[in-house]
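J.: Sharing a structure, written as structure tokens. Questions coming.
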Amino acid sequence: MNKQFNFPPYYNFPRIRNLISFDIFEKIILDKSGSKISNYALDLQKNCAKLRHLLSKEDILLIQELYKNHFDKSVKYFSELAETIKYLYAVSVMHKKIRTNLTIKPLAKYLFNKEITMFQNFKTFYNSIIEIFDFLYKKFPDILPKRSKTEIHNEKLYSSLIGSRIKLYLIKNLYNGKFCKSGKGECPECKKEGFKINTNISRLKALEFHHTTDEKEQKYSTTVLYELFNENRDNPLFLENLIKSMESKKITLICANHHDIISSKYYNFFRHLISWKYLPNIFPNKIQYLSPELIHTLIKISINAYPITKNLNSKQKAYVKLSIISLLKRKYIIETLYGESCQICGEFNTIEHLVSFHFNHMDETKKTLIASDLFKSEEITCSEIVSKLDQERGGYLCNNCHTVFHRSSYYDLLENVYIDENVMEKVSKDHTNVKQNFKLVYSSVLIKDPFKLSKRLSGNFEKYLIAIDKLSKTGGIITNKILANALGVKSPKIVAQFFDRNDFLKQFIRISRENRITEYELTKKGFKALSLMNYFKKYYSSR
């Protein structure tokens, strides 16, 4: 034999390689862990003669001569061939389970980057794996998936496809299919609320996995699922192990909207104030009907009464207050322009699901600002926000519908994600409906500035109303001096100056001056304001 040939020899070797691959594959099927092929290259030298059922006498002699004259290279080549088959088996099993065709190129790249090359350049190595797979598929069609004849060259699309198929598999198999009834991927909260549009597997991107425990969250997005798949390409039991891990962490399925709600701490703390629902009939039916000063005071009272926030420092309380104000602005803008429900699905509303509403740009490439950033300053008004959003060409819709709007960029891929034609029909109709019915934010004379303060409030507004109310119950006249004593203020002049600096107080407190004596009493608005303060103080202190 000529010792100068390139390794491995090309004459008849692809056939020998395929037959040995068959032997390796059979051993892996029996073992599944792949442990029996870890020493395959060394075992082959010793037991080559035992492969007479597969190889000809000439094939066996060639292999024996290779080991004799090129021992190190032979061990390396057949070890790498065994590793390649091991990975090929594992990814094939996973592709078969998630019901998608196997794309060879990503696997070839993965192995090549691990320096498993079988002495070949990438193109030859890639073609070798295709040849091996096609040979094995004829022998094991029940174990191996079909091979994709059209390779996906875009790594991002491939990762989205695999991540999405794994996500579908998990939805259908977690807790023995608890979240997938009649082919639907059901968010338990949507189901509880009787929703129909948002309890369908066709909105796969809007379905998310959520930790129900306090454990630090591992997001099982399609991107993360692909990364986990990539890290476990050699483990055919990866999907089963993943399900066990997720179930042990008490992972649940939930839609993007309800996930937003669960994750929004301050919205959940102060939802009663923000939603302004189920209040006594004596109060206005919308918070924006109150004066800005009273709104800000009610927010401050609620924060100071709520056990979780009352002991925060001033900086932290200011942040909580800003969070509440920003949510009230978003609610007011959405309701004024669109009404209380999502403009597309109509199932989610601003009363119960406010934080699930997102601003969506018609064209993401022309986005000049992030809408949520406009709400991070207490100074910017609702009319100014709408004016800026008008220029952005976008509008508000719930997060679930938002995920549907941006399907265009990967729409063709969905035919590989959704194997069921009936589901693809729903996907297509849903996408068309969202695109056709989406309405933009527009500058409108209806948008006012109900949360804009005429001037900064001191913390005395509430104290003055409470003091005047208490004093009025004694039946006496309330003067500057009497009010100053009740408040513990040193000089009556300070009381007078407080009212002179805050004209808005005149709607809550009637001020009369006769014979150089100033008298105070609460107006009807003053009594209602005080009732609101007491109501929210009592409500949040009892939480």
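So the sequence shown is numbered by the working numbering: it starts at 50 and just counts up by one. Think of the CB as a built atom: it goes at the ideal place given N, C-alpha and C, for glycine as much as any other residue.
1) Name the one or two DSSP bridge partners that LEU571 has.
2) Considering only the beta carbon of each residue, do LEU219 and ILE311 sit closer than 8 Å?
3) Going by other Cβ atoms of all chains shown within 10 Å of its Cβ, with 16 needed for buried, is ASP121 buried or exposed?
4) Where does ARG196 fall in DSSP's three states?
5) Is there contact here, the region 87-106 with the region 118-133, by at least three beta-carbon pairs under 8 Å?
6) Tell me which residues share the same chain as GLN94 and place their Cβ nearer than 6 Å to its Cβ, disregarding the 5 neighbours each side in the sequence.
7) Can you tell me which of the three DSSP states TYR445 falls into?
8) In this structure, how does DSSP classify ILE292 when only helix, strand and coil are distinguished?
9) So, for ILE300: in the same chain, excluding its five sequence neighbours on each side, which residues have a beta-carbon less than 8 Å away from its beta-carbon?
10) For TYR589, does the count of other Cβ atoms within 10 angstroms reach 16, so buried, or fall short, so exposed?
11) Taking DSSP's pairing of strands, which residues face HIS260 in a bridge?
12) Got a sec, what are the start and stop residues for the alpha helix (DSSP H) ASN353 sits in?
13) Bridge partners of GLU563, per DSSP?
14) Relative to the C-alpha of THR414, which residue among GLU441, PHE406 and GLN392 is closest?
15) In terms of alpha-carbon separation, which member of LEU514, SER209 and LEU403 lies closest to ALA535?
16) Here's a check: name, in chain order, each residue in its chain whose Cβ is nearer than 6 Å to the Cβ of HIS407, leaving out the five neighbours to either side.
17) If you draw a straight line from the C-alpha of ILE165 to the C-alpha of ARG282, how long is it?
18) Let me know the secondary structure DSSP gives SER209 once reduced to three states.
19) Would the region 470-478 and the region 413-433 be scored as touching if the rule is three or more Cβ pairs under 8 Å?
20) On the three-pair Cβ rule with 8 Å, is the region 366-375 touching the region 346-358?
21) Quick one: residues in its chain with C-beta nearer than 6 Å to the C-beta of LYS85, no 5 flanking neighbours on either side, listed in chain order?
22) Between the region 316-325 and the region 370-387, can you find at least three pairs of beta-carbon atoms closer than 8 Å?
23) Can you give me the C-alpha to C-alpha distance between PHE56 and ASN306, rounded to a whole angstrom?
T.: Here's the rundown:
1) ILE558
2) no
3) exposed
4) strand
5) yes
6) TYR116
7) strand
8) helix
9) LEU223, PHE258, HIS259, HIS260, THR261 and TYR269
10) buried
11) ILE300
12) 341-354
13) ILE566
14) GLU441
15) LEU514
16) ASN448 and HIS451
17) 14 Å
18) helix
19) no
20) yes
21) LYS76
22) yes
23) 59 Å
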